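Enquirer: Chains as they are written, first to last, in my numbering: chain W, 1 to 94; chain R, 1 to 332; chain A, 1 to 393.
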Amino acid sequence: MTREEIRAAVLDAIVAVVPGTRQSDIKDETPIRDQLDMDSMDFINFVVELDERLAVAVPESDYGRLATVNGCIEYLARTLAGGPPPVGSGPAGS
Amino acid sequence: MRMTYREALRTALTEALSADPRVFLMGEDVGRYGGAYAASKGLLEQFGPDRVRDTPLSESAFVGAGIGAALGGMRPIVEVMTVNFSLLALDQVVNSAATLRHMSGGQLSVPLVVRMATGGGRQVAAQHSHSLEGWYAHVPGIRVVAPATAHDARWMLPAALREPDPVFIFEHAMLYPEEGEVGEEPGPLPLFAAAIRRPGRDVTVIAHGGSVGKALAAAEQLATEGIEAEVLDLRSLRPLDDATILESVRRCHRAVVVDEGWRSGSLSAEIASRISEGAFFELDAPVARVCSAEVPIPYPKHLEDTALPQPDGICAAVRGVLQPAQAAGAKA
Amino acid sequence: MGEFRMPTLGADMVAGTLTEWYKHPGDVVNRGDIIAAVDTDKGSIDVEVFEDGVLERVVVEEGQKVPVGTLLAVIGSGAGAPAPAAAPSPPAAAAQVPPPTPPSAAAPAAPSPSAAPTAAPLPPAHGVRASPLARRLAADLRVDLTGITGSGPGGAIVKEDVEAAAARGGGDRSARMRRAIAAAMAKSNREIPHFYLATTIDLGAASAWLAQWNAAHPPAERLLPAVLLLKATALALLEFPELNARWEQESLQPAAEVHIGMVTSLRGGGLVIPAVHQVNRRTLPELMREVRELVQRARSGTLRSSDLTDGTVTVTSLGDRGADAVFGVIYPPQTALIGFGTPAERPWVVAGQVVPRQVVTASLAADHRASDGHRGGMFLATIARLLQQPEGL
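1) Look at the Cβ atom of Val63/R, then the Cβ atom of Leu43/R, and state whether they are nearer than 9 Å.
2) Report the rounded CA-to-CA distance for Asp259/R versus Ser129/R, giving the unit in angstroms.
3) Could one say the Cβ of Ala134/A lies closer than 9 Å to chain D's Cβ atoms, at least one of them?
4) Quick one: using the 10 Å Cβ neighbour count with 16 as the cut-off for buried, is Arg135/A buried or exposed?
5) Applying the 10 Å Cβ sphere with the 16-neighbour rule, what's the burial state of Ala216/A?
6) Do Val249/R and Ala288/R have their CB atoms nearer than 9 Å?
7) Give the interface partners of Pro59/W over in chain A, defined as CB-CB distance under 7 Å, in chain order.
8) Applying a beta-carbon distance threshold of less than 9 Å, which residues of chain A neighbour Ala285/R?
9) Are at least three pairs of beta-carbons, each pair with one atom in the segment 229-238 of chain A and one in the segment 377-386 of chain A, less than 8 Å apart?
10) Just to confirm, are Leu203/A and Leu284/A a CB contact at a threshold of 9 Å?
11) With which residues is Met3/R paired in a DSSP beta bridge?
12) Whole angstroms is fine: what's the gap from Val83/R's alpha carbon to Ala173/R's?
13) In the DSSP output, which residue or residues are listed as bridge partners for Lys394/A?
14) Quick one: residues in its chain with C-beta nearer than 8 Å to the C-beta of Pro343/A, no 5 flanking neighbours on either side, listed in chain order?
15) At what residue ranges does the segment 153-211 of chain A contain a whole run of the beta strand (DSSP E), taking only runs of 3 or more?
16) Alpha carbon to alpha carbon, how far is Ala220/A from Arg53/W? Give it in angstroms, no decimals.
17) Rounded to the nearest angstrom, how far is the Cβ of Arg115/R from that of Glu178/R, given a contact under 8 Å?
18) Return the residues of the segment 81-110 of chain R that lie within a Cβ-Cβ distance of less than 7 Å from chain A, sorted by chain order.
19) With a 10 Å radius around its C-beta and 16 neighbouring C-beta atoms as the bar for buried, classify Ser300/A as buried or exposed.
20) Val295/A touches chain W at which residues, Cβ-Cβ below 7 Å?
21) With a floor of 3 residues, list each beta strand (DSSP E) that falls wholly inside the segment 169-230 of chain R, ordered by position along the chain.
22) By Cβ distance below 7 Å, which residues in the same chain neighbour His102/R in space, the five residues on each side in sequence not counted?
23) If you draw a straight line from the alpha carbon of Pro59/W to that of Ala205/A, how long is it in whole angstroms?
24) Can you tell me which residues form a DSSP beta bridge with Gly43/A?
25) Could you tell me the distance, in whole angstroms, from the CA atom of Ser18/R to the CA atom of Gly66/R?
26) Return the chain-ordered list of same chain residues with a C-beta closer than 8 Å to the C-beta of Leu237/R, the five sequence neighbours on each side being excluded.
27) With 9 Å set as the bound, which would you pick, yes or no: does the beta-carbon of Leu50/W sit closer than that to a beta-carbon of chain A?
28) What does the alpha-carbon distance come out to for the pair Ala167/A and Leu175/R?
29) Enumerate in chain order the residues of its own chain whose CB-to-CB distance from Leu57/R is below 8 Å, with the five nearest sequence positions on each side excluded.
30) Please classify Arg3/W: does DSSP put it in a helix, a strand, or coil?
31) Would you say Leu235/A lies against chain W (beta-carbon separation less than 9 Å)?
32) Taking its Cβ as the centre, do 16 or more other Cβ atoms sit within 10 Å of Pro153/A, making it buried, or is it exposed?
33) Taking Cβ-Cβ distances shorter than 8 Å, what residues in chain W pair up with Pro219/A?
34) Closer than 9 Å, CB to CB, is Leu11/W near chain A or not?
35) Measure from the C-beta of Leu80/W to each C-beta in chain A and report whether the shortest distance is under 9 Å.
36) Could you tell me which residues DSSP pairs with Trp348/A in its beta bridges?
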């Protein structure tokens, strides 16, 4: 799966959680939750959406890696490539 | 086809006399003179003295004779010169024509048509100028209509002749020379339905007979001020078309009733009452009335003009029920 | 014969617009069926019926705005033939003045449907110069005539004046919601003698349990800390019924069940408080599912009437991006609001040692007419105690 495909899936997941968001408005480097005023319920729904789209069940301990769109792409690309379990996971939340 | 109200009546009379041998016309001066308002000019020559009959100056006698003829199977059209004179025949109308169907248990019909002139404006003074059609509209057992247009003048008469009960047709004296479009008979004319002569949204102006034109003139003026007045022509004074009246008032939320009769105990009072009964919670202002001054109609022109409803007075009444409220509406 | 009335979907609601009938005269309805949609200041709400029967007659047509308590429809046993929609009995006026044998088939004047009596009219504004239409409209829209300047004949208040006043009170949805919140909160602070308590709760055990649970479950089955807080609160409330109650007519009326109104913020501002039902009886996964659905419904504007009417107590949880503590305003006529700040890692003393611990500040805003500080303190302590044994929640 290419990074572009992963990016598309991430954006789709965000829109599914925060209806009415335009993908073109989502900035890749700004924390997603701050951009879109997502609360913890929105975020866990986002994780569920990613799981459904990409079959990647992000463990809670890795939630911190999903802070930005770029962070999501980085993390998911490595995981999908069957790479080593990501290390240095930050604490949950932002 | 354009023709005057008078020509429309004459056309209707000619057709009625031609079409049905039971129809005949009688009244004061309807024959040799051709009718006080020339509605029957030439009919004596065309149909002869048996069917176009001049009568003595006795309204009681010839209206009574008309009732008798109707009872006997004829279809009489009786012309009374003015509604003022018709008072002499009120006993025949109220005690005989209006009651016989009821008192005979439905065995007797009085298929009588009475035409008469009503209203002021011609400087013929109080004994020829009153508008008393509201009195007739008070009486159950008869029907009362008031054609306001040449078209209705043409087609109300045959519709009236088809009625099994007495029909009184009130022709406003100022309308005879008025010209208007007369169409073909649109099927059986709905004789007792009111008509919207001009659609509007701000106020319903209710009028009949000679007042309809004045209401339309007022509406024209009001339109230049941004007020859209709906003009409703009653056409039938008995029965009143409550449904159409109330429907219009419910839309416009305000009503002005124009009636050349006097205000007290008048047809306008009846209409205002029905609006209160049927549309109270839709009213955004009290119902206003424009009636004749409560005097015998004067002879001098300036006094007569002042005594009768006029477009300016209708405009003022409409502005009164709208007041500044309409200004906002006009802008919107 | 049952009456289906405009519900009050919140203490601040005075009127609603019937936007859609999902059921029609003749349809069978069952308790819990959603039979109508109502538009309120807080959004479009699906309204449920509370009895079984047949929708016999619709009284309020779609598009009409009517006060709370107004009869919307009649629910019958189904024994009688359903009447056609909006066929009120003929008006007395038409019965009294029929034209004599109307030959033009003029139908009797139908009554204005909006002239139907309303259950909770404003007190009649006697001495105010207003048209009948303006009065009727003002009653429908809950506009107070005494505050309006008339522009009609003689300074009378007319339809346009009432509409303008209603529009000033109208505006866009978020402005109206702001006003609705303002009304409820102002009433609360005016009438309810609040007292406030707070305590810091050690979440160490709960966090550990939660981390373990979430590690063992796929994302769709994971839980949020808020669910544990809700459940602990519900169980604690069982022991303090005066905090799960209404204060009405100068007396305390404890609720039979624990339905927790959950303060839910809406994107773009404003909030709604949908209720999570019977929280004390639900498992944590059940609660998580219900909370997720409620939040989704709240944000998509598809809440049901029972979501908004059934709350017996309110919980506001600031989640993971808020402040340390919240001291709330009670949602009348409830008697308590429990707040949870943002859980955070703080120095904590355990057995004489300072250790980092996940803690949360729980607060209670309570109605002093219904409860006292001592009981309130014990209540917060009970929540704290329950959270030390998360496996028991």
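Where a beta carbon is used, it is the ideal one built from N, C-alpha and C, also for glycine. As the structure is a prediction and not an experimental result, all values here were calculated from the model.
Expert: Looking at the coordinates:
1) no
2) 14 Å
3) In the structure shown, chain D cannot be found, because the protein chains are W, R and A.
4) buried
5) exposed
6) no
7) Ala215
8) Ser131, Leu133, Gly152, Pro153, Ala156 and Val158
9) yes
10) no
11) Gly180/R
12) 10 Å
13) Coverage of chain A is limited to positions 1 through 393, which leaves residue 394/A absent and any answer about it impossible.
14) Leu203, Ser207, Pro225, Asp320, Gln358, Val359 and Val360
15) 194-202
16) 13 Å
17) The pair is not a contact, with the Cβ atoms about 17 Å apart (cut-off 8 Å).
18) none
19) exposed
20) Met41
21) 179-181, 195-198 and 203-207
22) Gly141
23) 20 Å
24) Thr40/A
25) 19 Å
26) Glu133, Gly134, Tyr136, Ala137, Val144, Val145, Ala146, Phe170, His208 and Leu267
27) yes
28) 49 Å
29) Glu28
30) helix
31) no
32) buried
33) Ile44, Val47, Val48, Leu50, Asp51, Ala57 and Val58
34) no
35) no
36) Val355/A
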